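Participant:
Numbering (my numbering), first residue to last: 505 to 820.
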């Protein structure tokens, strides 16, 4: 019961935080006629039967596309607390059904949103982790410091050597010639465990090859305007200066769909309603998604997600 009360208090504090900033709470459908193309995410699907209609719908991996449709319709800054669903994700830090907080700030650049994320975390964790400090660095800086590799250029031989030196010889077979996969592997195995403890760590300026929904940095096309937030090396949030160019977005979708096809992943179609919203005009905005179950883990000092869920997947 103590955990249920702490979760309820967390949700109440989030709503108060955004009410004080005049950010509107919204709801969007969790069961939609399309899903994302990201090859790193798998989805749950369901058949809708209502003769003569018979159509496949998808449980959403994120409320992002529907929320952006609201933004394009003139909603102003918005947030949502809801469930999200990702097939095949289960383990110490993953549950196939999880609680997500996602918000979009119209007129905000990435730095403004990063500052607001820190304000929110400090507010929510004040009674649990008052000793947390704040650290901020670029992806390139922290990746190079830990691995001695440049994440913005790829040489498989150098990456393989670095992995072997850190006892990760299996990386070569797992990652092959895919630069993005190498970055994910080395970042999770080497960089995240080396992050400062007792700290909110913001990492910004991710390589452009890892950011399908973020704008490319105006000063360096190798970098996307994306950041992630970590506490004790655990990822809590992922934020973008949002891409609002429909032509570029459709090109990225097609590239991801081709990747899915070439790697034998489940086929998906482009979300036409989302693309129509971008065509109509998405305002300049930044957005971020935060895993609330993981945040509750941080608040309560637990090291596994099932410790903060009333009904983990194996008991759902």
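Beta carbons: idealized from backbone N, C-alpha and C, even for Gly. Note that the structure is a prediction, hence the values are computed from the model and not measured.
Could you pull the start and end residues of the alpha helix (DSSP H) that residue 755 belongs to?
Facilitator: As a position in the chain shown, residue 755 is number 251, starting the count at 1. From DSSP, the alpha helix (DSSP H) with residue 755 extends over 750-766.
Participant: On the CB-based measure, 16 or more other CB atoms within 10 Å of its CB, does residue 618 come out buried or exposed?
Facilitator: Taking the first residue of the chain shown as position 1, residue 618 is located at position 114. The residue in question, residue 618, is buried, as its Cβ has 16 or more Cβ neighbours within 10 Å.
Participant: Take the Cβ of residue 554 as the centre, count every other Cβ of all protein chains shown within 10 Å, and call the residue buried at 16 or more, exposed below.
Facilitator: The sequence position of residue 554 within the chain shown is 50, counting from 1. Counting Cβ neighbours within 10 Å, residue 554 comes out exposed, since fewer than 16 surround it.
Participant: Measure the Cβ-Cβ separation of residue 802 and residue 738 and say whether it is below 9 Å.
Facilitator: Taking the chain shown and counting its residues from 1, one reaches residue 802 at position 298. Taking the chain shown and counting its residues from 1, one reaches residue 738 at position 234. A contact, by the Cβ cut-off of 9 Å.
Participant: Contact between the region 770-784 and the region 740-755 is defined here as three or more beta-carbon pairs at a separation below 8 Å; is this criterion met?
Facilitator: Counting Cβ pairs under 8 Å, three or more are found: they touch.
Participant: Would residue 622 pass as a contact of residue 638 if the rule is Cβ separation under 9 Å?
Facilitator: Walking along the chain shown from the start, residue 622 turns up at place 118. Walking along the chain shown from the start, residue 638 turns up at place 134. Result yes, Cβ atoms of residue 622 and residue 638 sit closer than 9 Å.
Participant: How many Å lie between residue 520 and residue 505 at the Cα?
Facilitator: In the chain shown, counting from the first residue as 1, residue 520 sits at position 16. In the chain shown, counting from the first residue as 1, residue 505 sits at position 1. Answer to the nearest angstrom: the Cα atoms are 23 Å apart.
Participant: Give a yes or no on contact between the region 730-745 and the region 787-802, applying the rule of three or more CB pairs nearer than 8 Å.
Facilitator: A contact exists between the region 730-745 and the region 787-802.
Participant: Within a Cβ cutoff of 8 Å, which residues of the same chain sit near residue 574, ignoring the five residues on either side of it in sequence?
Facilitator: Here residue 574 refers to the residue found at position 70 when the chain shown is read from its first residue. Closer than 8 Å at the Cβ level, and outside the excluded window around residue 574, lie 530, 532, 582.
Participant: What does the alpha-carbon distance come out to for the pair residue 591 and residue 565?
Facilitator: On the chain shown, residue 591 is found 87 positions in, with the first residue counted as 1. On the chain shown, residue 565 is found 61 positions in, with the first residue counted as 1. C-alpha separation (whole angstroms): 9 Å.
Participant: Among residues of its own chain, excluding the 5 on either side of residue 804, which ones have a beta-carbon nearer than 8 Å to its beta-carbon?
Facilitator: On the chain shown, position 300 is the one that residue 804 refers to. The residues are 507, 510, 632, 811, 812.
Participant: Which of the three DSSP states, helix, strand or coil, is assigned to residue 706?
Facilitator: Stepping through the chain shown from its first residue, residue 706 is reached at position 202. Residue 706: strand per DSSP, three-state reduction.
Participant: Which residues bound the alpha helix (DSSP H) around residue 666?
Facilitator: Sequence index remark: in the chain shown, residue 666 carries index 162 (1-based). Here the alpha helix (DSSP H) through residue 666 covers 660-669.
Participant: Would you say the beta carbon of residue 659 is closer than 8 Å to some non-hydrogen atom of the ligand ADP?
Facilitator: As far as ligands go, the structure on display features none, and thus does not contain the ligand ADP.
Participant: Judging by CA-CA distance, which residue of 670, 790, 768 is the nearest neighbour of residue 729?
Facilitator: Residue numbering aside, residue 729 sits at position 225 when the chain shown is read from its first letter. The shortest Cα separation from residue 729 among 670, 790, 768 belongs to 790.
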